[in-house]
Amino acid sequence: MTLRVQVQTAEGSRSDYALAGTEMVIGRSASAAIVISDVRVSRQHARLVARDGRWWVEDLGARNRTLFNGAPLQHPEPLHAGDRIEVGDAVLRLIDGASDAQESEVATLPAPTATTLGLAPHGHAADAARIWTIHEIHRALAGPLSLAELLDVILARCFDLLEPEEGLIMLRGADGVVATVASRRRGPGSQAVAIPRRLVDEVMGKAQPALVLDAAYDERFAGSASMVSSGIRSVVAAPIVDAEGTLGLITLCSRLAVRRFAQADLDLLVSLASAAALRVRNVALADELAAKRVVEHELALAHDVQMSMLPRAMPVRPGLEIAARLTPARSVGGDLYDFVLDGDRLWFIVADVAGKSIAAALYMAITRALFRATARGAAGVADVAARMNEELARDNDRVMFVTAALGCLDLVSGAIALVDAGHTAGVVADRDGVRDVQDVPKSMALGVMATATYTEGRVRLQPDATLVLYTDGVTDARATSGEMFGEARLQAAIAAAALDTPEALVAAVVGAVERFASGAPPEDDLTMLALRFRPGR
Amino acid sequence: MQIAEVRQDGVDVIAPVGRIDTTTVGALEARLAPLLAAASPRVVVDFSGVDYISSAGLRVLLVAARRVQSATGGRLALCGLGESVRQVFQLAGFLPLFTIRANREAAVAQIAAP
Numbered sequence: 212m213t214l215r216v217q218v219q220t221a222e223g224s225r226s227d228y229a230l231a232g233t234e235m236v237i238g239r240s241a242s243a244a245i246v247i248s249d250v251r252v253s254r255q256h257a258r259l260v261a262r263d264g265r266w267w268v269e270d271l272g273a274r275n276r277t278l279f280n281g282a283p284l285q286h287p288e289p290l291h292a293g294d295r296i297e298v299g300d301a302v303l304r305l306i307d308g309a310s311d312a313q314e315s316e317v318a319t320l321p322a323p324t325a326t327t328l329g330l331a332p333h334g335h336a337a338d339a340a341r342i343w344t345i346h347e348i349h350r351a352l353a354g355p356l357s358l359a360e361l362l363d364v365i366l367a368r369c370f371d372l373l374e375p376e377e378g379l380i381m382l383r384g385a386d387g388v389v390a391t392v393a394s395r396r397r398g399p400g401s402q403a404v405a406i407p408r409r410l411v412d413e414v415m416g417k418a419q420p421a422l423v424l425d426a427a428y429d430e431r432f433a434g435s436a437s438m439v440s441s442g443i444r445s446v447v448a449a450p451i452v453d454a455e456g457t458l459g460l461i462t463l464c465s466r467l468a469v470r471r472f473a474q475a476d477l478d479l480l481v482s483l484a485s486a487a488a489l490r491v492r493n494v495a496l497a498d499e500l501a502a503k504r505v506v507e508h509e510l511a512l513a514h515d516v517q518m519s520m521l522p523r524a525m526p527v528r529p530g531l532e533i534a535a536r537l538t539p540a541r542s543v544g545g546d547l548y549d550f551v552l553d554g555d556r557l558w559f560i561v562a563d564v565a566g567k568s569i570a571a572a573l574y575m576a577i578t579r580a581l582f583r584a585t586a587r588g589a590a591g592v593a594d595v596a597a598r599m600n601e602e603l604a605r606d607n608d609r610v611m612f613v614t615a616a617l618g619c620l621d622l623v624s625g626a627i628a629l630v631d632a633g634h635t636a637g638v639v640a641d642r643d644g645v646r647d648v649q650d651v652p653k654s655m656a657l658g659v660m661a662t663a664t665y666t667e668g669r670v671r672l673q674p675d676a677t678l679v680l681y682t683d684g685v686t687d688a689r690a691t692s693g694e695m696f697g698e699a700r701l702q703a704a705i706a707a708a709a710l711d712t713p714e715a716l717v718a719a720v721v722g723a724v725e726r727f728a729s730g731a732p733p734e735d736d737l738t739m740l741a742l743r744f745r746p747g748r
Numbered sequence: 253m254q255i256a257e258v259r260q261d262g263v264d265v266i267a268p269v270g271r272i273d274t275t276t277v278g279a280l281e282a283r284l285a286p287l288l289a290a291a292s293p294r295v296v297v298d299f300s301g302v303d304y305i306s307s308a309g310l311r312v313l314l315v316a317a318r319r320v321q322s323a324t325g326g327r328l329a330l331c332g333l334g335e336s337v338r339q340v341f342q343l344a345g346f347l348p349l350f351t352i353r354a355n356r357e358a359a360v361a362q363i364a365a366p
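Just so you know, the protein sequences line up as chains A and B, in that order. According to the working numbering, the first sequence holds residues 212 to 748 in order. According to the working numbering, the second sequence holds residues 253 to 366 in order.
Written out as structure tokens, the structure reads:
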């Protein structure tokens, strides 16, 4: 049975759609098949989907619920004539498709735009009308403040003036890629047509408009069988161009049976696109600036959070020498070091949260809090890692993770237990040189898998030997040539300072990295911790 | 960052070139997003042009792996890992989390298999 859906909005406007294709999205987005302009409706609120030979309605995780026949829609429901769907204040009624098919959206053939607007090809009256139309366009475009709103308004004006079946706006992104940023469609279906690459390149490259009278006979559409078979045959495209260059393009399409674009339509679209260009440029710049301010503010905040969490003083115990340093990157890093002095045990951690953002800084704050909470009184460092991991992996929707070296120094025997949670277990430096810490098995970074297991290894430091832990900001620091500092330089720098105090060793290595980077600000946080212990002193 | 993208035997193959770090990872994430949004995403990430990946890059791949696991019939494979890139995966303990093949052909064959 064919079904139709009648949409009635709170303002009383009614529209009617035939269920066609395989999916029709209902939402506030201009790209939805059934657009409902209501702030309580999500951009993609729900969808009607064809499956197993019938139509179903399903919620798309909308913020406000979808009601189906008066009850909240919990799972997909099959659709029948007489069913009632409510999204926001809009009511969608399913009706038998056969009953009033003549109300079909595409059945009304709009008159050519030039005629509607009174735009004859020549004469002062035509010019006056044209100037008035363009004035109106400028006024309409002056309102919106965000790029998304502006694009919606531009498409709305295109639909008012040129009555296409489908319209889309493509813009060149910061990465140079031209992508569809807004689209709108009259009638059923949700799939925006793919505009052939050749047409996009031609319109944007030469900053020249294009009028395609019939795509089936136009070589730019050769190989674009999808557009021809979808019935989109007549196309007008105009570059969004200003003095500084081409920003993108507006393309409008229609099936020939519905609408055949003419030169006058193209002229109008070109005027509209050039009016749009100035606003798109300004709004895009404002959006970019605002986003940049937000990012900078976030970075400053995250930096403060990070620095406030570092211990202000090193733990003091007879025989213990310990030093740590964190050089923050300009763009926020997520490094961390911390200590917990717990009776005759010193717990320590050097960690790196993936990603640089306020989210990473907060994740780091959680990591530190967990370290402090679980270390005190714990059975062993593997146990601390396992418990921290379990908490960090729980509800980790943002997929954050922390790589960490965690250790516990026995302040009586001098034995050290270490866990390498997706990090490195560091190096040991003494008068014989520098060696990677051995016998510490590799475990998974913290927060990735709640069920991961953690295994500790033992390190025994000879008197005068120093354990050095670090984050990848040290080894991955880059010279202006792009070359990385690397393990070999790190080991050489540590070896040269192996017999110095941990304080002097850390300062020497950080100095070596800074000289290598020749003053370039670090791209990532750079953290080092060095410790030495002589029992019984 | 330059990212090549082809479709091969029903598998989306993307091949970033250069360094994947904090400054470039956004571009990779943006290119992966539409591929991962497919009903049954089948994606190969070819690292043969990548000389460095930071933990921020690992995170994006971890997000991709999660997304693929949660989609019915979704599959993800990595290939062409150079020594330094492999070491970053190894250090984080991530090698067991991913299907890794030596080259693109092997990765696509793995993913395209019924």
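The C-beta atom is built at its ideal place from N, Cα and C for all residues, glycine as well.
Nearest neighbour of Gly299/A by Cα position, chosen from Ile380/A, Ala292/A, Arg274/A and Pro287/A, turns out to be Arg274/A. Listed as beta-bridge partners of Asp563/A by DSSP are Asp546/A and Thr614/A. For Gly644/A and Ala709/A, the gap between their C-alpha atoms comes out near 7 Å. Chain B places a beta carbon closer than 8 Å to that of Lys653/A, counting this residue as a contact. Between Leu460/A and Ala449/A a beta carbon distance of about 6 Å is seen, short of the 8 Å cut, so the two are scored as contacting. DSSP places Tyr304/B in the uninterrupted beta strand (DSSP E) bounded by Val302 to Ile305.
With 16 or more other CB atoms across the displayed protein chains lying within 10 angstroms of its CB, Ser253/A is buried. Taking C-alpha positions only, Ala534/A is separated from Ala628/A by approximately 19 Å. If one requires a minimum length of 3 residues, the beta strand (DSSP E) runs lying completely within the stretch 226-289 of chain A are 234-238, 257-262 and 265-270, in chain order. In summary, the residues of the stretch 610-625 of chain A whose CB is separated from some CB of chain B by less than 8 Å are Val610, Met611, Phe612 and Thr614, in the order they occur in the chain. Between the alpha carbons of Val720/A and Leu537/A lies a gap of roughly 12 Å.
For Gly238/A, not one C-beta of chain B is nearer than 8 Å to its own C-beta.
DSSP places Gly332/B outside both helix and strand once states are collapsed to three, so it counts as coil. Collapsing the DSSP output to three states places Glu667/A in coil. Annotation: Thr538/A has no Cβ neighbours in chain B at a cutoff of 9 Å; minimum Cβ distance is about 16 Å. In the three-state reduction of the DSSP assignment, Ser445/A falls in the strand class. Taking C-beta separations shorter than 8 Å and ignoring five residues to either side along the sequence, Ala282/B has no partners in its chain. Beta-bridge annotation (DSSP): Lys653/A is paired with Asp631/A. Here DSSP, grouped into helix, strand and coil, assigns Phe744/A to strand. When the beta-carbon positions are compared, Val505/A and Leu680/A stay at least 8 Å from each other.
Going by beta carbons, Val613/A and Asp563/A fall inside the 8 Å limit.
Between Ile305/B and Ala329/B a beta carbon distance of about 16 Å is seen, past the 8 Å cut, so the two are scored as non-contacting.
In this structure, Leu657/A keeps its C-beta atom at 8 Å or more from the C-beta atom of Met575/A.
Across the structure, Val685/A and Ala290/B are spaced so that their CA atoms are roughly 39 Å apart. Excluding five sequence positions before and after Arg609/A, the CB atoms of its chain that fall closer than 7 Å to its own CB belong to Ala570, given in chain order. A direct Cα-to-Cα measurement between Ala361/B and Val302/B gives close to 21 Å.
In the DSSP assignment, Ala267/B falls within the unbroken beta strand (DSSP E) covering Val263 to Ile272. When beta bridges are read from the DSSP output, Tyr681/A appears opposite Met739/A. In this structure, the beta-carbon distance from Leu288/B to Gly633/A does not fall below 8 Å. The alpha-carbon of Ala301/A is positioned some 31 Å away from that of Ala285/B. With a threshold of 8 Å between beta carbons, Thr324/B makes no contact with chain A.
Per the coordinates, the alpha-carbon of Ala597/A lies some 29 Å from the alpha-carbon of Val277/B. Counting only Cβ-Cβ distances below 8 Å, Gly633/A has contacts in chain B at Leu343, Ala344, Gly345 and Phe346, in chain order. Residues of chain B with a Cβ closer than 7 Å to the Cβ of Asp386/A are, in chain order, Ala279.
DSSP links Gln342/B through a beta bridge to no other residue. Nearest Cα to Asp294/A within the set Leu305/A, Ala593/A and Ser224/A: Leu305/A.
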